[in-house]
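Just below is one structure, and these are the notes that go with it.
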Amino acid sequence: IIFEKSFRTSSLPNLWSQATVIPIFKKGDPSLVENYRPISLCCVTCKVMESIINQSIILHLETNNLLSNKQFGFRKKLSCNVQLLHCKNIWTTQLDQGKAIDAIYIDFC
1 IIFEKSFRTS
11 SLPNLWSQAT
21 VIPIFKKGDP
31 SLVENYRPIS
41 LCCVTCKVME
51 SIINQSIILH
61 LETNNLLSNK
71 QFGFRKKLSC
81 NVQLLHCKNI
91 WTTQLDQGKA
101 IDAIYIDFC
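Under UniProt numbering, the sequence shown has 90 at position 90, and the numbering climbs by one with no breaks.
Structure follows, in structure tokens:
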């Protein structure tokens, strides 16, 4: 019922937007603040709803073939490793045919 109302009204209960941030020790000297990383503890109900929405969106994109075949990240059975193997195969074919290869690597943060 809450999920349906949220979809209809395009809104969430205020508590769902809040998180408790706690520091988690990584390594090194525990007295140094830079050796901790923040972890946000979010509302479980909201995370369940986000998961349902995410699955629905991905299903829609994949069912309707809306994702590029060059999109490997964040897709089932595909990864950066699979993309690198794909690139290696293309490059090997190009080199075997005596063709040049130009490559540009860009990392979007």
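Built from N, CA and C at the ideal position, the CB exists for glycine as well.
According to DSSP, which residues form a beta bridge with His37? It is Arg, not His, that sits at residue 37 in the sequence shown. Beta-bridge partners of Arg37 (DSSP): Ile24.
Residue from Leu12, Cys80 and Gln94 whose Cα sits closest to the Cα of Tyr105: Cys80
Determine the DSSP secondary structure at Thr42, reduced to helix, strand or coil. One point to set straight first is that residue 42 is Cys, not Thr, in the sequence displayed. It is a strand residue.
Hey, Phe72 and Leu78: beta-carbon distance below 8 Å or not? yes
Can you give me the start and stop residues for the alpha helix (DSSP H) that Gln83 sits inside? Annotation for Gln83: the continuous alpha helix (DSSP H) segment containing it runs Cys80 to Asp96.
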